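First comes the structure, then the notes that go with it.
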Ligand code: ADP
Ligand code: TRP
């Protein structure tokens, strides 16, 4: 089985990205063959500062490696280092009906949010399809918001195969269990676009400030509270073991506590949780040469596979 996924370097990764995506990538890396890439070409549809994009791309690689992505298990690379994918994208573009892209909600959402539309933003699912099809991927772990794009990919691959013969493997989405569930500091879904994120490798002083500012309700302190619907409790639960969780749940149920106390526990638990990764990240950041080498090795392996699939597609449609 081949597993593939990509993540955009549009900002520093946050707790939502970790628990909603990155953690599962790491768990799945032991599958027969896994490919993970940093989708910088997709980010180019929204980030137009070159320095910012290249810096965020390196940060993304450092974060993924520090968090446990193991280059001896998975192939890690940067999307733009595999030009075969962009070439394949054009072949797919010629087989993609406009209506299929017009139905994609993520394009409409982005434009509604005020992102200026460009044709890259509109044809984004076709590049994503090329990303997936180029490696004969069987399974694509993604958040719920990306499932429609996998359907588009299956449609495009299906019509290409129908016209030119069996060229592409049809991939299946694997919806990540905890996706869309991590709340932000305001209680809404944690997301860069809402400005409510807590980054995985937040500087310690900033981390403390952000945690202390998590919004809480204004009911009287003495009142007993239900932990289940509370976003501070949900955040704490991400880092706590069973015993710590039930201890804190009891505090909520008894009432007579201040949220500051729970926030302190969240600060401790989250700091402990990422402390090994933070150390690994420091080591990696002081040796970016090694990191770039890992990415170059990953790209070489990825290109080998993507080249093979591209040639298959080129021959099938008569350009080779
Ligand atoms: P953002 O919403 O901050 O822009 P992305 O859309 O780039 O994040 O998300 C990258 C991955 O992280 C996706 O697989 C997405 O499902 C996951 N993810 C993002 N935010 C959350 C969240 N709050 N809870 C769970 N998963 C999330
Ligand atoms: N569109 C995905 C996201 O924003 C990132 C991505 C690009 C991707 N290409 C992909 C994910 C291929 C899975 C497979 O999260």
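Numbering (our numbering), first residue to last: 972 to 1291. We put the CB at the ideal spot given by N, CA and C, even for glycine. In this text, all values refer to a predicted model and were calculated from it rather than measured experimentally.
Under 8 Å between C-beta atoms of residue i and residue j
i            : j            : result
residue 1216 : residue 991  : no
residue 1046 : residue 1291 : no
residue 1139 : residue 1178 : no
residue 973  : residue 1126 : no
residue 1238 : residue 1203 : no
residue 1172 : residue 1034 : yes
residue 993  : residue 1049 : no
residue 1123 : residue 1142 : no
residue 1128 : residue 1056 : no
residue 1015 : residue 1091 : yes
residue 1252 : residue 1037 : yes
residue 1299 : residue 1119 : The requested residue 1299 does not occur in the structure, where the chain is confined to residues 972 to 1291.
residue 984  : residue 1170 : yes
residue 982  : residue 1163 : yes
residue 1287 : residue 1240 : no
residue 1059 : residue 1093 : no
residue 1328 : residue 1280 : The structure shown does not extend to residue 1328, since the chain is modelled only from 972 through 1291, so no value can be given for it.
residue 1192 : residue 1245 : no
Assigned exposure category for residue i - 16 Cβ within 10 Å defines buried
i            : result
residue 986  : buried
residue 1213 : exposed
residue 1066 : buried
residue 1184 : exposed
residue 1284 : buried
residue 1161 : buried
residue 1133 : exposed
residue 1082 : exposed
residue 1155 : buried
residue 1261 : exposed
residue 1028 : buried
residue 1269 : buried
residue 1019 : exposed
residue 1234 : buried
residue 1292 : A query on residue 1292 cannot be resolved here, the shown segment of the chain reaching from 972 to 1291 and no further.
residue 1144 : buried
residue 1165 : exposed
Beta strand (DSSP E) segment containing residue i, residue limits
i            : result
residue 1230 : First-last for residue 1230: 1230–1244, but that is the alpha helix (DSSP H), not the beta strand (DSSP E).
residue 975  : 973–978
residue 1145 : 1143–1146
Identity of the residues DSSP links to residue i by a beta bridge
i            : result
residue 985  : 1170
residue 1048 : 1008
residue 1021 : DSSP output for residue 1021 lists no bridge partner at all.
residue 1154 : 1160
residue 1113 : 1146
Range of the contiguous alpha helix (DSSP H) that encloses residue i
i            : result
residue 916  : There is no way to answer for residue 916, as the model of the chain reaches only from 972 to 1291.
residue 1291 : Run containing residue 1291: none; DSSP gives neither H nor E here.
residue 1140 : Looking at the DSSP string, residue 1140 is not in any alpha helix (DSSP H), and its letter there is neither H nor E.
residue 1076 : 1076–1083
residue 995  : 994–999
residue 1094 : 1090–1104
residue 1064 : 1054–1064
residue 1223 : 1213–1225
residue 1302 : The structure shown has nothing for residue 1302, since the chain only spans 972 to 1291.
residue 1040 : Per DSSP, residue 1040 belongs to no alpha helix (DSSP H) and is neither H nor E.
Sequence-distant residues of its chain with Cβ nearer than 8 Å to residue i (five each side left out)
i            : result
residue 1282 : 1291
residue 1013 : 977, 979, 1050, 1095, 1098 and 1099
residue 1197 : 1223 and 1224
residue 1044 : 1000, 1001 and 1005
residue 1266 : 1032, 1047, 1048, 1049 and 1052
residue 1242 : 1175 and 1178
residue 1042 : 1036, 1265, 1268 and 1269
residue 1278 : 1055
Residues of its chain near residue i, where Cβ-Cβ distance is below 6 Å and the 5 sequence neighbours each way are ignored
i            : result
residue 1194 : 1226
residue 1039 : 997
residue 1230 : 1187
residue 989  : 1171
Same chain, Cβ closer than 7 Å to residue i, neighbours up to 5 away in sequence not counted
i            : result
residue 1158 : 1186 and 1202
residue 1274 : 1053 and 1055
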